[in-house]
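Engineer: Below: one structure in structure tokens.
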Amino acid sequence: MSQEQDCLFCGILAGTIPSEVIYENDDVIAFRDVAPQAPTHVLVVPRRHVENAGTLTEEDADLVGALILGAQRVAELEGIENPDRGYRLVMNVGADAMNSVPHLHLHVLGGRALTWPPG
Ligand code: AMP
Numbered sequence: 001m002s003q004e005q006d007c008l009f010c011g012i013l014a015g016t017i018p019s020e021v022i023y024e025n026d027d028v029i030a031f032r033d034v035a036p037q038a039p040t041h042v043l044v045v046p047r048r049h050v051e052n053a054g055t056l057t058e059e060d061a062d063l064v065g066a067l068i069l070g071a072q073r074v075a076e077l078e079g080i081e082n083p084d085r086g087y088r089l090v091m092n093v094g095a096d097a098m099n100s101v102p103h104l105h106l107h108v109l110g111g112r113a114l115t116w117p118p119g
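Note that full-length UniProt numbering has the sequence shown beginning at 1, numbered continuously upward.
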């Protein structure tokens with residue numbers, strides 16, 4: 001598991017920065033966003049440091065699957081898995097998307113009707 005110095009989410013993964021972890025397995029950790037935009041707002045983060053979705057390669061296909069499956073598990077744990085209601089998965093890539101933490105993460109947002117476009 002690679003760790004980057006000065007990476008906020010690597011610090012959370014290492015346990016040196018506090019977070020409210022709701023799920024983890026060998027590949028990912030999921031914790032509550034510190035500034036929630038919905039009743040459920042959880043970040044699913046790979047243990048391995050990858051900058052963002054734009055830097056992924058074919059070798060990272062398993063990691064992408066682990067993020068999506070982690071998000072499904074989060075939805076179940078949060079009680080938002082009902083397919084009649086649903087939830088939103090978001091990955092921001094770079095400055096135009098206002099990507100603020102350069103460690104790949106999948107936002108899981110739900111628990112209310114969400115607007116589109118997000119703004
Ligand atoms: P992004 O803008 O896609 O890079 O998302 C980064 C997210 O990390 C934002 O929604 C922030 O609110 C969230 N965030 C920043 N610092 C923390 C922290 N210490 N614990 C949990 N979430 C955080």
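Using N, Cα and C, we set each Cβ at its ideal position, and we do this for glycine too.
1) Return the residue from the list 45, 107 and 111 that minimises the CA-CA distance to residue 84.
2) Pick out whichever of 35, 114 and 44 has its Cα sitting closest to the Cα of residue 26.
3) Taking 6 angstroms as the cut-off, is the C-beta of residue 121 nearer than that to any heavy atom in the ligand AMP?
4) In the DSSP assignment, find the unbroken beta strand (DSSP E) run with residue 80 in it and report its ends.
5) Out of 46, 99 and 76, state which residue places its alpha-carbon closest to the alpha-carbon of residue 62.
6) With a threshold of 6 angstroms, establish whether the CB of residue 96 neighbours any heavy atom of the ligand AMP.
7) What is the DSSP secondary structure of residue 70, counted as helix, strand or coil?
8) By DSSP's criteria, residue 32 is part of a beta bridge. Which residues make up the other side?
9) Under 7 angstroms between the Cβ atoms of residue 70 and residue 28?
10) Relative to the C-alpha of residue 31, which candidate in 50, 49, 51 and 9 has its C-alpha closest?
Structural biologist: Taking the coordinates as given:
1) If you number the sequence shown from 1, residue 84 lands on position 84. Out of 45, 107 and 111, the CA that lies nearest to the CA of residue 84 is found in 111.
2) For this step, residue 26 is matched to residue 26 along the sequence shown. Ranking the options by Cα distance to residue 26, first place goes to 44.
3) One cannot answer for residue 121 here, as it falls past the ends of the chain, which runs 1 to 119.
4) Position 80 of the sequence shown, counted from the first residue, corresponds to residue 80. Taken as a continuous stretch (DSSP letters only), residue 80 belongs to no beta strand (DSSP E), as it is neither H nor E.
5) Here residue 62 is taken as the residue at index 62 of the sequence shown, counted from 1. Distances from the alpha-carbon of residue 62 to those of 46, 99 and 76 put 46 closest.
6) As a first step, residue 96 must be located in the sequence shown, where it is residue number 96. No, Cβ of residue 96 sits at least 6 angstroms from all heavy atoms of the ligand AMP.
7) For the purposes of this step, residue 70 is identified with residue 70 of the sequence shown, where counting begins at 1. Note: residue 70 maps to helix in three-state DSSP.
8) Working through the sequence shown from its first residue, we reach residue 32 at position 32. Its beta-bridge partners are 42.
9) Position 70 of the sequence shown, counting from 1, holds the residue named residue 70. Position 28 of the sequence shown, counting from 1, holds the residue named residue 28. Yes, Cβ-Cβ distance for residue 70 and residue 28 is below 7 angstroms.
10) Start at 1 with the first residue of the sequence shown, and residue 31 comes out as number 31. With distances taken between Cα atoms, residue 31 lies closest to 9.
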